[in-house]
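K.L.:
This is the structure I want to talk about, given as structure tokens.
2 protein chains.
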Amino acid sequence: MADPKARPVTLRSIADQLGLHVSTVSRVLNGPSEGGARAASGDTAERIRRLAAELGYQPDPHGSGLRTGRSRLVGVLVPRLSDLVLSTIYEGIDEAAGERGLTTIAANSLDDDETRRTRTKMLLARRVDGLIFGDARLDDAFLDRLATDGVRFVLVNRRAGNHPSVTPDDRLGGRLAAEHLLGLGHTDVAVIAGPPFASTGADRTAGFVGHYREHGIRVPDDRVLHSPFDTSGGRAVADRLLRSPNRPTAIFAVNDFAAIGALGAARDHGLHVGTDIAIMGYNDTPLAAELPIPLTSVAVPMREIGRRALELLTRLLAGENVDSERLRPVLAPRASTGPRRTGP
Amino acid sequence: MADPKARPVTLRSIADQLGLHVSTVSRVLNGPSEGGARAASGDTAERIRRLAAELGYQPDPHGSGLRTGRSRLVGVLVPRLSDLVLSTIYEGIDEAAGERGLTTIAANSLDDDETRRTRTKMLLARRVDGLIFGDARLDDAFLDRLATDGVRFVLVNRRAGNHPSVTPDDRLGGRLAAEHLLGLGHTDVAVIAGPPFASTGADRTAGFVGHYREHGIRVPDDRVLHSPFDTSGGRAVADRLLRSPNRPTAIFAVNDFAAIGALGAARDHGLHVGTDIAIMGYNDTPLAAELPIPLTSVAVPMREIGRRALELLTRLLAGENVDSERLRPVLAPRASTGPRRTGP
DNA sequence: TTCCGTAACCCAAACGTTTGGGCCAAACGT
DNA sequence: ACGTTTGGCCCAAACGTTTGGGTTACGGAA
Numbered sequence: 001m002a003d004p005k006a007r008p009v010t011l012r013s014i015a016d017q018l019g020l021h022v023s024t025v026s027r028v029l030n031g032p033s034e035g036g037a038r039a040a041s042g043d044t045a046e047r048i049r050r051l052a053a054e055l056g057y058q059p060d061p062h063g064s065g066l067r068t069g070r071s072r073l074v075g076v077l078v079p080r081l082s083d084l085v086l087s088t089i090y091e092g093i094d095e096a097a098g099e100r101g102l103t104t105i106a107a108n109s110l111d112d113d114e115t116r117r118t119r120t121k122m123l124l125a126r127r128v129d130g131l132i133f134g135d136a137r138l139d140d141a142f143l144d145r146l147a148t149d150g151v152r153f154v155l156v157n158r159r160a161g162n163h164p165s166v167t168p169d170d171r172l173g174g175r176l177a178a179e180h181l182l183g184l185g186h187t188d189v190a191v192i193a194g195p196p197f198a199s200t201g202a203d204r205t206a207g208f209v210g211h212y213r214e215h216g217i218r219v220p221d222d223r224v225l226h227s228p229f230d231t232s233g234g235r236a237v238a239d240r241l242l243r244s245p246n247r248p249t250a251i252f253a254v255n256d257f258a259a260i261g262a263l264g265a266a267r268d269h270g271l272h273v274g275t276d277i278a279i280m281g282y283n284d285t286p287l288a289a290e291l292p293i294p295l296t297s298v299a300v301p302m303r304e305i306g307r308r309a310l311e312l313l314t315r316l317l318a319g320e321n322v323d324s325e326r327l328r329p330v331l332a333p334r335a336s337t338g339p340r341r342t343g344p
Numbered sequence: 001m002a003d004p005k006a007r008p009v010t011l012r013s014i015a016d017q018l019g020l021h022v023s024t025v026s027r028v029l030n031g032p033s034e035g036g037a038r039a040a041s042g043d044t045a046e047r048i049r050r051l052a053a054e055l056g057y058q059p060d061p062h063g064s065g066l067r068t069g070r071s072r073l074v075g076v077l078v079p080r081l082s083d084l085v086l087s088t089i090y091e092g093i094d095e096a097a098g099e100r101g102l103t104t105i106a107a108n109s110l111d112d113d114e115t116r117r118t119r120t121k122m123l124l125a126r127r128v129d130g131l132i133f134g135d136a137r138l139d140d141a142f143l144d145r146l147a148t149d150g151v152r153f154v155l156v157n158r159r160a161g162n163h164p165s166v167t168p169d170d171r172l173g174g175r176l177a178a179e180h181l182l183g184l185g186h187t188d189v190a191v192i193a194g195p196p197f198a199s200t201g202a203d204r205t206a207g208f209v210g211h212y213r214e215h216g217i218r219v220p221d222d223r224v225l226h227s228p229f230d231t232s233g234g235r236a237v238a239d240r241l242l243r244s245p246n247r248p249t250a251i252f253a254v255n256d257f258a259a260i261g262a263l264g265a266a267r268d269h270g271l272h273v274g275t276d277i278a279i280m281g282y283n284d285t286p287l288a289a290e291l292p293i294p295l296t297s298v299a300v301p302m303r304e305i306g307r308r309a310l311e312l313l314t315r316l317l318a319g320e321n322v323d324s325e326r327l328r329p330v331l332a333p334r335a336s337t338g339p340r341r342t343g344p
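Here the protein sequences come in this chain order: A and B.
Just so we're aligned: 171 in full-length UniProt numbering is position 171 of the first sequence, and the numbers increase by one with no gaps anywhere.
Just so we're aligned: 236 in full-length UniProt numbering is position 236 of the second sequence, and the numbers increase by one with no gaps anywhere.
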């Protein structure tokens, strides 16, 4: 691995040991594994590769970064890594990056404008080759500015403007939720819609409300409530809904954690979830299926979304023109919206 | 921020514009903000600083890294970032790193030996100045080897050998749990102990069992079950416990997610948690307090643990001798272990 | 035989920074 | 007045890599 005090193994040390020039070694070790254009003779190349492997040579990113101007670093900005949705997406990003020899640097923006700015600046100062933003806002002036400045980035999970993005098809997801609840006979429904600036919540809500509208049922404005994407936020909002005299028979939370909060609120009101009231979430977090009352949710391929985002970025960095991608969600019906049935 | 095609602003470009030498600029911009040893005159220094700020100069890490041999990069290896405990700790690490002008690179090891090896190699190839491991194993040959190789690292959350570490005081935490359950009259208890190679589970279990032993109650070996630190693992193990003819009256899971799984299993067995059976977790995840049946847990300052780990590493890198730190956990009693009471 | 092509290398510059040595002039001490 | 310090700056080398441009030497074509 790494020797104690031994001088780090460098192109030069290899070249010297073999009586070659450093540039020859560099070309051999860089060229496509077999016979690059200006590579060395098969024999020499073999000796070089063998010695490099034996010494455990690892190119110094400072050297190559300095020379090439590229760092093979990708910056990833998310609202919070401790949000399971984002950390799972990040795992997908990092996994795909690793396969391409790229390294990712993650940072939290906390959905705060000032923090985004400083963290992005930090990443740029690190000379990342490109960025992936998981904290885009609808109508995002910051991103627009960055784009005109020539910074290369893609969005993940949330879309904004027409910056290239990889997201779930959230309108469809909202529709699936509506279809499910309507199919169970719920005509009096409410939505816990997440914060208004996130496309995820907005699109899921729009899809949901749209489906109901197309079936002649209007979801009133005061039945669409905004809240943070977390448990306590969901609980607070659900409590408000359940306190009202004519409470809904079903609640669609655009996020599993908000839904879990709603579960708690329902219990506080003495309601049995699944019979007295239907509650469903979104994202199909691993937790959802394992809860005491399993939570109906809309499954989204989060890890795959992360992978695709990284791939999109690499294509962008390669100079290609890229298009946004929408990944297909699928319904995961469980006990929280009705009589117990065999889970998917 | 970053201009479109404009040449990046460098020490040289600043020096040229001011008719100075690049080394002068460097010294001014590096020296302790006021009057370094060999800095320039107050006037010149001021001009340099002003222009640097105006142009938005950011030192190129490739250049300085190459010259100094240091990268100001810290590698962080954890089992999984999508594990809330680890991602929260990581947030603490990253937060503290940011304050010191360091950047962290995170990677998942999945608690898999091969993956650890390759990911660590990757981080080392990136020339990180030091590492923080969140996936240590009791008796960890890999870490021992790394240490003798001169790699500088600290451990977080889990301890191993006598490598410097920052962890919760898990024995104490286990004792707090035992004290709580025993105080409620539970003498017939079981432990969901997590995987056997993690010090966290082992120490929590040891503290728990030790406390009972000191009070004359033996927790039999077949009442201490190992499982992964996740919900489905906890559910499976709890199911086994509850299926047995003489089932325990209380279960201590060394992890909140395993406890949530146990909650589900209890429900499957028609038991009402809090009255029919007591279940408690560990870590006091934000979720715990918000669950339909709030989960008793042992609160651990996860974010602070991360911060301390980073600080410990910086001291280590500065050449100081460092000691491990154990942070104090505190009990968070809730409804899942007894009659509803006001939460902490 | 001469000339060209090419395989297989070597040379050298450049990327941006840091840092041990200068060097000059002004200030100071005696 | 003369030597010494020191403030304020410049010089140059080095870190490891990549890459456009040589330079040989040899094989084959004319």
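Glycine included, every Cβ here is placed at the ideal spot set by N, Cα and C.
1) Given that B:S232 touches chain A, what residues does it touch there, using C-beta distances under 9 Å?
2) Find the nearest neighbour of A:R12 within the set A:R50, A:P59 and A:F257, judged by alpha-carbon distance.
3) Run through DSSP, which three-state label would residue 361 of chain A get?
4) With distances taken Cα to Cα, identify the nearest neighbour of B:R152 among B:F142, B:D169 and B:L131.
5) Does DSSP put A:V28 in a helix, a strand or coil?
6) Looking at the C-beta of A:S82, does it have a partner C-beta in chain B at a distance below 7 Å?
7) What do you reckon, are the CB atoms on A:G234 and A:A190 nearer than 7 Å?
8) Go ahead and label A:N246 buried or exposed: buried means 16 or more other beta carbons lie within 10 angstroms of its beta carbon, across all protein chains shown.
9) Could you check if B:T296 is buried or exposed, using at least 16 other CB atoms within 10 Å of its CB as the buried criterion?
10) With distances taken between CB atoms, is the gap from B:L138 to B:F197 smaller than 7 Å?
11) Below 8 Å between beta carbons is the criterion; list the residues of the segment 244 to 270 of chain A that meet it against any residue of chain B, in chain order.
12) Does DSSP put B:D16 in a helix, in a strand, or in coil?
13) Using a beta-carbon distance below 7 Å, is B:L66 in contact with chain A?
14) Would you say B:S336 reaches chain A, if we count a Cβ-Cβ gap shorter than 7 Å as a contact?
15) Please report whether the beta-carbon of B:T187 lies at a distance below 7 Å from any beta-carbon of chain A.
16) Based on Cα-Cα distance, which residue from A:L310, A:L312 and A:A335 lies nearest to B:D268?
17) Is the shortest distance between the beta-carbon of A:S87 and the beta-carbons of chain B less than 7 Å?
18) Count the other CB atoms, across all protein chains shown, that sit within 10 Å of the CB of A:E214; report buried if there are 16 or more and exposed otherwise.
19) Chain A beta carbons: is any one of them nearer than 7 Å to that of B:I105?
20) Output yes or no for whether 7 Å exceeds the beta carbon distance between B:A160 and B:L143.
21) A:A125 touches chain B at which residues, Cβ-Cβ below 7 Å?
22) Taking the alpha carbon of B:V74 as the reference point, which residue from A:E91, A:I105, A:I279 and A:D169 has its own alpha carbon closest?
23) Please list, in chain order, the residues of the segment 162 to 175 of chain B that have any C-beta partner in chain A closer than 9 Å.
24) Taking Cβ positions only, does A:R235 come closer than 7 Å to chain B?
25) Checking 7 Å against the spacing of the C-beta atoms, do B:V78 and B:R308 come in under that value?
26) If you measure from the beta carbon of B:E34 to each beta carbon in chain A, is any gap under 7 Å?
27) Shorter than 7 Å from the beta carbon of B:P61 to some beta carbon of chain A?
28) Among B:S232, B:L181 and B:V76, which has the Cα closest to the Cα of A:P292?
29) Should A:A2 be flagged as near chain B, meaning a C-beta pair shorter than 7 Å?
30) Just grab the DSSP bridge partners of B:T167 for me.
31) Mind checking if A:E54 is an interface residue toward chain B, Cβ cutoff 7 Å exclusive?
32) Rounded to whole angstroms, what's the CA-CA distance from A:L327 to A:E304? Just pull it up for me.
33) What is the rounded straight-line gap between the Cα of B:G319 and the Cα of B:V85?
34) Could you tell me which chain B residues have their CB closer than 7 Å to the CB of A:D323, listed as they occur along the chain?
35) Return the first residue and the last residue of the beta strand (DSSP E) that B:S71 is part of.
36) Run through the segment 160 to 242 of chain A for me and flag every whole beta strand (DSSP E) of 3 or more residues, listed as ranges in chain order.
P.N.:
A quick look at the data gives this:
1) Chain-order list of chain A residues neighbouring B:S232: P286, A289 and E290, by C-beta distance under 9 Å.
2) A:R12 has its Cα closest to that of A:P59, out of A:R50, A:P59 and A:F257.
3) Nothing can be reported for residue 361 of chain A: it is not among the residues displayed for chain A, which extend from 1 to 344.
4) Of the listed residues, the one whose Cα sits closest to B:R152 is B:L131.
5) If DSSP states are grouped into helix, strand and coil, A:V28 belongs with the helices.
6) At a cut-off of 7 Å, the C-beta of A:S82 has a neighbouring C-beta in chain B.
7) No. Outside cutoff.
8) Its Cβ having fewer than 16 others within 10 Å, A:N246 is exposed.
9) Counting Cβ neighbours within 10 Å, B:T296 comes out buried, since at least 16 surround it.
10) For B:L138 and B:F197, yes; Cβs fall inside 7 Å.
11) From the segment 244 to 270 of chain A, only F257, I260, G261, L263, G264, A266 and R267 have a Cβ closer than 8 Å to chain B.
12) Helix.
13) Using beta-carbon distances, B:L66 counts as an interface residue toward chain A, with a partner under 7 Å.
14) Interface with chain A (7 Å Cβ-Cβ cutoff): B:S336 is excluded.
15) For B:T187, the answer is no, since every Cβ of chain A falls outside 7 Å of its Cβ.
16) Nearest to B:D268 by alpha-carbon distance, out of A:L310, A:L312 and A:A335, is A:A335.
17) At a cut-off of 7 Å between C-beta atoms, A:S87 counts as an interface residue with respect to chain B.
18) With fewer than 16 other Cβ atoms from the protein chains shown falling within 10 Å of its own Cβ, A:E214 counts as exposed.
19) With 7 Å as the cut-off, B:I105 counts as an interface residue toward chain A.
20) Yes; because the gap between Cβ atoms is below 7 Å, this pair is in contact.
21) Residues of chain B passing the Cβ test: Q58.
22) Here the closest residue by C-alpha is A:I105.
23) Shown here is that no member of the segment 162 to 175 of chain B has a Cβ falling below 9 Å from a Cβ of chain A.
24) A:R235 counts as touching chain B.
25) At least 7 Å separates the beta-carbon of B:V78 from that of B:R308.
26) Note on B:E34: pLDDT 49, under 50, position unreliable in the model; no value is reported.
27) So yes, B:P61 belongs to the interface.
28) A:P292 has its Cα closest to that of B:S232, out of B:S232, B:L181 and B:V76.
29) Bear in mind that the predicted position of A:A2 carries a pLDDT of just 43, short of 50, making it unreliable; the figure below should be weighed with that in mind. Chain B, which has a Cβ nearer than 7 Å to the Cβ of A:A2, makes this yes.
30) When beta bridges are read from the DSSP output, B:T167 appears opposite B:R326.
31) It does not; no Cβ of chain B falls within 7 Å.
32) Computed Cα separation, rounded: 9 Å.
33) Taking the Cα positions, B:G319 is about 30 Å away from B:V85.
34) Residues of chain B whose Cβ lies closer than 7 Å to the Cβ of A:D323 do not exist, since the nearest Cβ in that chain is about 23 Å away.
35) Taken as a continuous stretch (DSSP letters only), B:S71 belongs to no beta strand (DSSP E), as it is neither H nor E.
36) Fully enclosed beta strand (DSSP E) runs of 3 or longer: 165 to 168 and 189 to 192.
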